[in-house]
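Residue numbers (the working numbering): 958 to 1063. Quick reminder that beta carbons are idealized off the backbone N, C-alpha and C, glycines included.
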Amino acid sequence: MKIFLAEKNVPGMTREEIVNFLEKGRMILRLGTLDSTTGGPVIHPVWYYFAYDRFFFFTDKDASKLRNVKRESAVYFTIDIDTRPYIGVRGKALLVLFLNPKRLSN
């Protein structure tokens, strides 16, 4: 995971604070994908699990977010809270699909 400040002149979180925020939080990740039909942007709210510097989430095999990332694996995301102090994490990633859950246990 690479860490960049979101804005100059605004103090950011340390790596440890970011990991703690992502591991301990019960927040929704907003996943930005490109629509597989129109190519336009789509935001998908998902519950996530963060471990090993990676996000994990499950989705239905017929979900639009799955169709979208099969076509274009580059995604954007944001996770934040709406109370003071306003903190959050945002970024971009390449999504890797595990279509066979048994593969995760090996």
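DSSP places ILE975 inside the alpha helix (DSSP H), whose first and last residues are 972-981. Counting C-beta pairs closer than 8 Å gives fewer than three between the stretch 959-966 and the stretch 984-1000, which falls short of the contact rule. Distance from the Cα of ASP1010 is smallest, within the candidate group SER1030, VAL1046, ASP1039, GLY989, for VAL1046. Contact between ILE985 and VAL1003 is confirmed by a C-beta separation of about 7 Å, below the 8 Å threshold. Taking C-alpha positions only, LEU979 is separated from TYR1005 by approximately 9 Å. Scanning its chain for C-beta atoms nearer than 8 Å, with the 5 sequence neighbours on each side dropped, one finds around LYS1049 the residues ALA1031, VAL1032, TYR1033, PHE1034, in chain order.
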